[in-house]
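Enquirer: Residue 454 in this note's numbering sits at position 93 of the sequence shown, with consecutive numbering throughout.
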Amino acid sequence: MILLFYFVPPVLDGTRFEDFALMIITPACCLGSGVIFGKINGFVWYYCIIVGLIFAPTLVLNYAQSDIHYIFEYGGLALVGNLLGYAFHRDKY
């Protein structure tokens, strides 16, 4: 997630793929990482908060301040992914 949040935006800056990465690739990776994390570790309630906090500094560095809603969207997708992964977790009982 750190590589995606901090190293991809400067590479795509000024290209037509910048918005595509912000609206499609990054949310898909947040959801996918949440599923993988939930499958391995079970439900961890603070995982979504960590994902949002990791994205917050890159918002200041690479995006406009009006894009603050992405912090909550990416955290929410990480939460949904974590819950989906928890459904497949082996040691939940």
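C-beta atoms are modelled at their ideal positions from N, C-alpha and C, and glycine is treated no differently.
Does residue 369 come out as helix, strand or coil in the three-state DSSP assignment?
Expert: Here residue 369 refers to the residue found at position 8 of the sequence shown. Residue state, collapsed to three classes: helix.
Enquirer: Looking at residue 440: is its Cβ nearer than 8 Å to the Cβ of residue 409?
Expert: Taking the first residue of the sequence shown as 1, we reach residue 440 at position 79. Taking the first residue of the sequence shown as 1, we reach residue 409 at position 48. Their beta carbons are under 8 Å apart, which means residue 440 touches residue 409 by this criterion.
Enquirer: Does the contact criterion of 3 or more C-beta pairs under 8 Å hold for the region 418 to 431 versus the region 400 to 407?
Expert: Touching, no.
Enquirer: Please say whether residue 434 and residue 370 have beta carbons closer to each other than 8 Å?
Expert: Along the sequence shown, one-based indexing puts residue 370 at 9. Along the sequence shown, one-based indexing puts residue 434 at 73. It is not a contact, given that the beta carbons lie outside the stated cut-off.
Enquirer: Residue 386 lies in the alpha helix (DSSP H); which residues open and close that run?
Expert: By one-based count along the sequence shown, residue 386 stands at place 25. Careful: residue 386 lies outside any alpha helix (DSSP H) and carries neither H nor E.
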